[in-house]
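Numbered by this note's numbering, the letters in the sequence shown go through residues 222 to 298 in order.
Backbone N, C-alpha and C fix where the C-beta goes; we use that ideal spot for every residue, glycine too.
None of the values given here were measured: they were computed from a predicted structure.
Here the structure is laid out as structure tokens; the discussion comes afterwards.
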Amino acid sequence: MPNITLSLPEDLHRKMRRHPEVKWSEVVRRILADKIRALEAMDRMVSRSILTPEDVAEFDHILKEALLRRYRRRAEG
Numbered sequence: 222m223p224n225i226t227l228s229l230p231e232d233l234h235r236k237m238r239r240h241p242e243v244k245w246s247e248v249v250r251r252i253l254a255d256k257i258r259a260l261e262a263m264d265r266m267v268s269r270s271i272l273t274p275e276d277v278a279e280f281d282h283i284l285k286e287a288l289l290r291r292y293r294r295r296a297e298g
């Protein structure tokens, strides 16, 4: 099995050392597997999409504007 090396902030590493019972390599392996599954699902959706990058950018802008309005209303209300 291939190995990888991670760089961690010292405070995170210190917190991990407080829990030697946790198999950290297994935790990371599961997180990576979940991320790969999500990326593969996205790849499958994109491969069937008829949207252009410009369409996606327009939808992104519209959604962000709608979310901004929603959160502003909640903050005011």
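Taking just the CA atoms, how far does residue j sit from residue i?
i    : j    : result
M266 : R295 : 33 Å
L253 : E279 : 31 Å
L227 : V249 : 10 Å
A262 : K236 : 33 Å
D264 : S270 : 10 Å
R293 : I225 : 43 Å
E242 : L288 : 42 Å
P223 : E297 : 52 Å
R238 : R251 : 19 Å
L284 : W245 : 37 Å
D281 : P274 : 10 Å
CB of residue i to nearest heavy atom of the ligand FAD: below 6 Å?
i    : result
W245 : The ligand FAD is not part of the structure shown, which contains no ligands of any sort.
> Hey, which unbroken runs of the alpha helix (DSSP H) at 4 residues or more fall wholly within the stretch 230-254?
Replying inline: 231-238
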